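Shown next, in structure tokens, is the structure this report addresses.
Protein chains: 2
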Amino acid sequence: MDVAQDAVLAKGFAATSIDEIVAAAEVTRSGFFYHFKDKNALARALLDRYVESEDALFDELFDRSRELHEDPLHAMLIGLKLLSEMMGDLPSAHPGCLVATTCYQDQLFDAQVRDVIRSSFHSWRQRFAGYFREIGEIYPPKTPVDYDELGDMVNCVVEGGLILSRAYDDPRILAQQILHLRSYVTMLFSPTRQ
Amino acid sequence: MDVAQDAVLAKGFAATSIDEIVAAAEVTRSGFFYHFKDKNALARALLDRYVESEDALFDELFDRSRELHEDPLHAMLIGLKLLSEMMGDLPSAHPGCLVATTCYQDQLFDAQVRDVIRSSFHSWRQRFAGYFREIGEIYPPKTPVDYDELGDMVNCVVEGGLILSRAYDDPRILAQQILHLRSYVTMLFSPTRQ
DNA sequence: AAAAAACTGTACCTTTGGTGCAGTTCTAGA
DNA sequence: TCTAGAACTGCACCAAAGGTACAGTTTTTT
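Protein sequences, first through last, are from chains A and B. Here this note's numbering is used: the first residue of the first sequence is 4, the next is one more, and so on. Here this note's numbering is used: the first residue of the second sequence is 4, the next is one more, and so on.
Here you go:
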């Protein structure tokens, strides 16, 4: 699975051959097809695993930031800072998001795979929308705001930033963009003297 | 080329067969290989054409918005509004960005193709960074800001929004995210009573 | 009318995804 | 320790796809 994920992130799904995966993983083609009915099944398994690990990462990161500060706005700002640092610190360009790469090749796959994509974006939206709602209850936003849209915005900036980082081969781009999102959140919710 | 672009946007590069393109375009395989050395050459040609047409679109849209308001900040806000409307108005979900889809499959292609990707993002960055610099000269931003990063931000939000719109099959997501970018720009540059 | 460009048809090669299946090795439980 | 079942391996085979080679035909340009 590790081998397959690296290859898929590097080259996309279609360009990753089963032969190459089994060679790198030191198993046989037969062994591969014993575990996975076809490439679709591999895609689903990889996606499931990936989404789970990203969820765990977000859990850890934002749980930690809530430990560091009990105020939801400041916890969020800390969380976004941590996220930015983590993304910018990766040795070379972040390999990219498996969900996004699959999204752009989704017609290769069945409806089930497309569903995994949609529902993972949805769960991330819900997660962040929840955080933002908590914030909004304490710090009324300057302009009325849709929390689902704000939740999507985190996904949006991360996915867009990943593409740019990949194109420029520079992980700092993603880190910068997350900081701009952070700055938007700051301005949106921070109380100003009227 | 039209046929090929639609297919590539829908399914990704690797999943689009030459047979299928030539069938839809009512030419022969031989005819295809007469014009394009290989699939790489097709990718390059498609990308070049796409970047050119996107540039023309941005030119038109932001030239128009400058006609509507001579102040650079307001012209930018109008431009982003127009962009948002255009992206949200597309009949079904926006088919996606050819540059981004190629970006996530770039190892399929040669260095030349990767260069087209990098330089098109770069030219868009420059374009928007220029607009933002003009704005910043008139409206000093609240916090010091890197104009290249702001330029990238437009790319970032559009690319990220395209992915989300595609995943949710709802072009409104992209439109909303562009409006959030617009709102960030507003807050960043609008003078506030101190 | 001649030359060059734009194709077509056919035959062929390789890689890749995928099927089928008989046989082997490993492993957990009675 | 025996044994059932899970986890593999090897091999033969198929179809689809990218790509090559090249001789011949049609269309366009000059």
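All C-beta atoms in this analysis are idealised placements derived from N, C-alpha and C, irrespective of residue type, glycine included. None of these values were measured; they are calculated from a predicted model.
Counting the other Cβ atoms within 10 Å of the Cβ of K40 of chain A gives fewer than 16, which makes it exposed. Under the DSSP assignment, Y53 of chain B falls in the alpha helix (DSSP H) whose first and last residues are 42 to 71. At least one C-beta of chain A is nearer than 8 Å to the C-beta of V160 of chain B.
Of all residues in the segment 112 to 144 of chain B, only I120, R121, F124 come within less than 7 Å of chain A when Cβ atoms are compared, listed by chain position. Cβ contact annotation for G99 of chain B (same chain, cutoff 6 Å, sequence separation greater than five): L12, L165, R169, in chain order. Here N43 of chain B has F112, D113, V116 as same chain residues with Cβ atoms under 7 Å from its own Cβ, once five neighbours each way along the sequence are excluded. Taking the Cβ atoms as the reference, Y171 of chain A lies roughly 7 Å from F124 of chain B, within the contact range of under 8 Å.
Going by DSSP, T104 of chain B is part of the alpha helix (DSSP H) stretching over 101 to 106. The residues A132, F135, R136, in chain order, have a CB closer than 6 Å to that of Y150 of chain B in the same chain once the five nearest residues on each side in sequence are set aside.
With a threshold of 8 Å between beta carbons, M156 of chain B makes contact with chain A.
Cβ neighbours of G154 of chain A within its own chain (closer than 6 Å, five residues either side excluded): R128, F131, A132. Under the three-state reduction of DSSP output, T189 of chain B falls in the helix class. By a beta-carbon distance limit of 8 Å, R185 of chain B does not contact L64 of chain B. Their separation comes to about 13 Å.
Taking a Cβ-Cβ threshold of 8 Å, the residues of chain A close to L167 of chain B are F124, D155, N158, C159, E162, in chain order. If you look at P98 of chain B, you'll find it isn't in any alpha helix (DSSP H); DSSP assigns it neither H nor E.
Around the CB of F36 of chain B, fewer than 16 other CB atoms lie within 10 Å, so the residue is classed as exposed. With fewer than 16 other beta carbons inside 10 angstroms of its own, A59 of chain A counts as exposed. Here M4 of chain A is exposed, its C-beta having fewer than 16 other C-beta atoms within 10 Å. With respect to the C-alpha of D66 of chain B, the residue from B:Y53, B:R52, B:V54, B:L83 having the closest C-alpha is B:L83. Shown here, G15 of chain A sits in coil according to DSSP, grouped into three states, outside any helix or strand. The alpha-carbon of A27 of chain A is positioned some 9 Å away from that of A7 of chain A. In the three-state DSSP reduction, V6 of chain B falls in the helix class (H, G or I). Between the C-alpha atoms of E152 of chain A and V30 of chain A there is a straight-line separation of about 45 Å. Secondary structure of P75 of chain A (DSSP, three-state): helix. In this structure, G15 of chain B sits away from G163 of chain A, with a CB-CB distance that is not shorter than 8 Å. The Cβ atoms of L49 of chain B and L101 of chain B sit closer than 8 Å to each other. Annotation: Cβ neighbours of T104 of chain A in chain B (cutoff 7 Å, chain order): Y107.
With 16 or more other CB atoms across the displayed protein chains lying within 10 angstroms of its CB, R47 of chain B is buried. Bounds of the alpha helix (DSSP H) holding S126 of chain B are 114 to 141. Proximity to R69 of chain B across B:V160, B:S87, B:I138 peaks at B:I138, based on C-alpha coordinates. For Y187 of chain A, a Cβ of chain B is located within less than 8 Å of the residue's own Cβ. Look at M90 of chain B: its C-beta is not under 8 Å from any C-beta on chain A. Under the DSSP assignment, E162 of chain A falls in the alpha helix (DSSP H) whose first and last residues are 150 to 171. Rounded to whole angstroms, A17 of chain B and Q179 of chain A show a C-alpha spacing of 32 Å. In the structure shown, the three-state DSSP call for K84 of chain A is helix. By the 16-neighbour rule on beta-carbons within 10 angstroms, L71 of chain B is exposed.
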